[in-house]
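Line by line, the protein sequences are chains B and R. Residue numbers for the first sequence follow the numbering used here, so the first one is 4 and each next one is one higher. Residue numbers for the second sequence follow the numbering used here, so the first one is 402 and each next one is one higher.
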Amino acid sequence: MKHQTQREEEAFEEFCREAVYAARADEDVINAAANAPFLFQRVRAQLGQEATLRVKRNWLASLAAAGQLKWGVAAAAMAVIFMAMVLVRDARQSMPEPPAPAIAATEIVKPPIHITTPLALLPEDSGTLETASARSGDSRSLRRSSVKRVEEEVTTEYVPLTFMAFADDANSGHVVRVQMARAALLTLGVSVGAEPSAELVKADVIVGDDGLARAIRLVR
Amino acid sequence: MVNYSRVAVIELPEPVAPTSDDKLVAATMGGDETAFAELFARHKRMIAGIGGRFFQSREQIEEIIQMSFCQAYQSLRQYHGGEERSFAAWLKRIAVNTCLDELKRNTRRRESSLDELTDGNTDYLHERAQAGWIAGAGPSAEQRSIMRDLAGKLLARLRPEDRVALTLLYEEEWSVAEIGKLLGWSVPKVKMRTYQARNLLRTFIKKLR
């Protein structure tokens with residue numbers, strides 16, 4: 004009985020082994036995957052994208068740090084202003100009452116009254132709000148003009164072509180406007196989201212001082 | 402009679418010794434893209450083979466190659482080389498871990514389930530169980546096809562760690578210690594994973610019978 008169980012156990016292990024072998028891909032599929040066209044270009048493109056993302060993340064981190072610094076300075080300034088206001092109020096309260104002036108004339112001339120209202124207490128239809136709305140109107144018109152400019156030419160972000168030295172050379176070189184086939188773009192590792200064809204697309208290429216292309220972006 | 406004075410002496414070029422992986426790694430870290438391309442060309446088949454042990458579609462295997470080399474490039478500073486830890490072994494470790502991550506993602510998506518078992522799958526399981534799990538002398542092409550389909554579905558039900566441990570044990574025929582070294586696991590953990598994998602398979606199959 005014990006031997007039978009052990010034999011069955013061994014046979015089941017053999018079945019598991021068989022299942023593992025059966026679940027593997029065919030050799031043809033493995034070879035086809037290893038020799039897939041543009042595979043290395045895809046690796047390059049992914050590395051380039053990740054390098055760009057890393058640069059962006061660094062920028063965001065530094066901006067966030069700068070933002071925190073800005074808020075810190077603003078909070079400190081607010082605290083100083085508040086302290087100054089408290090001190091001035093206390094000083095005014097502790098000052099002695101000035102002596103009553105002697106009345107020389109019988110006619111009392113009322114001085115002109117100037118009421119100063121804090122901004123926060125202004126009614127909603129005050130000039131301040133009108134100015135703000137006018138300002139927002141200005142910004143809308145500005146936005147409209149920028150949209151107009153964007154509509155003229157839509158570009159993608161630059162995709163680095165040399166993922167190794169891209170970060171160092173990003174600020175040097177020249178931008179050259181070119182027209183190239185979709186198929187040629189794919190060989191550079193740039194995906195254009197369509198079947199590779201001879202159709203020409205516009206692109207901006209950053210060419211380094213050594214004449215090598217550093218990055219490319221598509222233009223529509 | 403041959404006039405030997407007219408025979409030209411052709412000087413063959415000295416055979417160039419292939420550059421070692423470690424030298425190529427150093428060149429890659431120095432910014433040489435062609436060195437990285439050479440490393441890619443040398444080892445892509447090996448990575449495809451590892452991917453093929455866990456995934457059946459060509460697209461998924463390509464994805465494994467791509468992700469493994471990207472990961473390797475970004476971790477090149479952590480590679481120290483030497484006799485014991487060759488670049489191929491280091492890369493293999495990265496590829497296996499990439500497969501493990503991808504299996505975990507697939508498990509979350511739950512692409513395959515036992516509910517999808519066909520009648521052919523269950524009939525085949527019954528036959529094998531009745532025969533005490535012993536395979537016939539020469540399975541037919543149809544039986545092989547059914548087994549392949551069934552195996553994919555059964556293994557997809559395993560936990561990714563269990564599946565990786567079982568695959569490395571059976572497919573690569575590595576020792577438990579070698580698997581532990583490759584995955585950074587302790588020997589008892591590898592033993593436990595393979596034991597659990599077999600147990601889970603048995604439970605799944607019992608439920609079906």
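Beta carbons are placed, not taken as given, at the ideal position from N, Cα and C, and that holds for glycine.
_Cβ-based neighbour list, R:Met430, same chain, cut-off 8 Å, excluding 5 preceding and 5 following_ = The residues are Leu477, Arg478.
According to DSSP, residues forming a beta bridge with R:Leu601: Answer is none; R:Leu601 lacks a bridge partner.
Starting from B:Met183, follow its DSSP beta bridges and name the residues at the other end.
Beta-bridge analysis with DSSP links B:Met183 to B:Val204.
Check the Cβ of B:Ala206 against every Cβ in chain R and list those closer than 8 Å, keeping chain order. Under the 8 Å cutoff, chain R gives no residues; its nearest Cβ is about 21 Å from B:Ala206.
Next item on the list: Answer yes if the segment 70-84 of chain B comes into contact with the segment 180-191 of chain B, meaning at least three C-beta pairs across the two stretches below 8 Å, and no otherwise.
Entry: Contact between the segment 180-191 of chain B and the segment 70-84 of chain B is absent, because fewer than three Cβ pairs lie under 8 Å.
Practice problem: For R:Leu504, I'd like the list of residues in its chain whose CB is within less than 8 Å of its CB, leaving aside the five on either flank, ordered along the chain. | Solution: Spatial neighbours of R:Leu504 in its own chain (CB-CB distance under 8 Å, excluding positions within 5 residues in sequence) are listed in chain order as Phe455, Pro561, Arg564, Val565.
- prompt: Cβ atoms of R:Leu425 and R:Phe470: under 9 Å apart, would you say?
  reply: In terms of Cβ geometry, R:Phe470 and R:Leu425 do not form a close pair [threshold 9 Å].
inquiry  = Check whether the segment 592-605 of chain R and the segment 564-578 of chain R are in contact - that is, three or more C-beta pairs closer than 8 Å.
reply    = Result yes; three or more Cβ-Cβ pairs closer than 8 Å.
Determine the chain B residues that contact R:Cys471 at a beta-carbon separation under 9 Å, and present them in chain order. Scanning chain B for C-beta atoms nearer than 9 Å to the C-beta of R:Cys471 yields Val46, Gln49, Leu50, Glu53, reported in chain order.
Q.
For R:Ser576 and R:Leu570, I'd like the C-alpha separation in whole angstroms.
A. In a straight line, the C-alpha of R:Ser576 is about 7 Å away from that of R:Leu570.
Query raised in the report: Of all the residues that make up the segment 543-561 of chain R, which are near chain B by a beta-carbon distance shorter than 7 Å?
Result: Going along the segment 543-561 of chain R in chain order, one finds Met548, Arg549, Ala552, Gly553, Leu555, Leu556 with a Cβ nearer than 7 Å to chain B.
Notebook entry, point to check: Can you find a C-beta in chain B that's less than 9 Å from the C-beta of R:Thr568?
Noted result: With 9 Å as the cut-off, R:Thr568 counts as an interface residue toward chain B.
- Query: Which residues mark the beginning and the end of the alpha helix (DSSP H) in which R:Leu551 is found?
  - Reply: Run containing R:Leu551: 542-557, per the alpha helix (DSSP H) assignment.
How many angstroms separate the CA atom of R:His444 from the CA atom of R:Ala438? The alpha-carbon atoms of R:His444 and R:Ala438 are separated by roughly 10 Å.
task = Tell me B:Val193's beta-bridge partners as DSSP assigns them.
result = None; B:Val193 has no bridge partner.
Taking the CB atoms as reference points, tell me whether B:Val46 and R:Tyr474 lie closer together than 9 Å.
-> Yes. Within cutoff.
To be precise: take each residue of the segment 518-536 of chain R, compare its Cβ to all Cβ atoms of chain B, and keep it if any distance is under 7 Å. Which residues remain? Listed in sequence order: Arg529, Gly533, Trp534, Ile535, Ala536.
For this session: Output the boundary residues of the beta strand (DSSP E) element that contains B:Arg220.
Result: Note, B:Arg220: beta strand (DSSP E), 216-222.
Exercise for review: Note down the Cα distance separating B:Leu63 from B:Asp212, rounded to an integer number of angstroms.
Suggested key: Roughly 29 Å separates the two Cα atoms.
Original post:
Which residue or residues does DSSP assign as beta-bridge partners of B:Thr158?
Top reply: Under DSSP, B:Thr158 shares a beta bridge with B:Val222.
Query raised in the report: Can we say the segment 584-591 of chain R touches the segment 540-559 of chain R, given the rule of at least three CB pairs closer than 8 Å?
Result: The segment 584-591 of chain R makes no contact with the segment 540-559 of chain R, as fewer than three CB pairs between them are under 8 Å.
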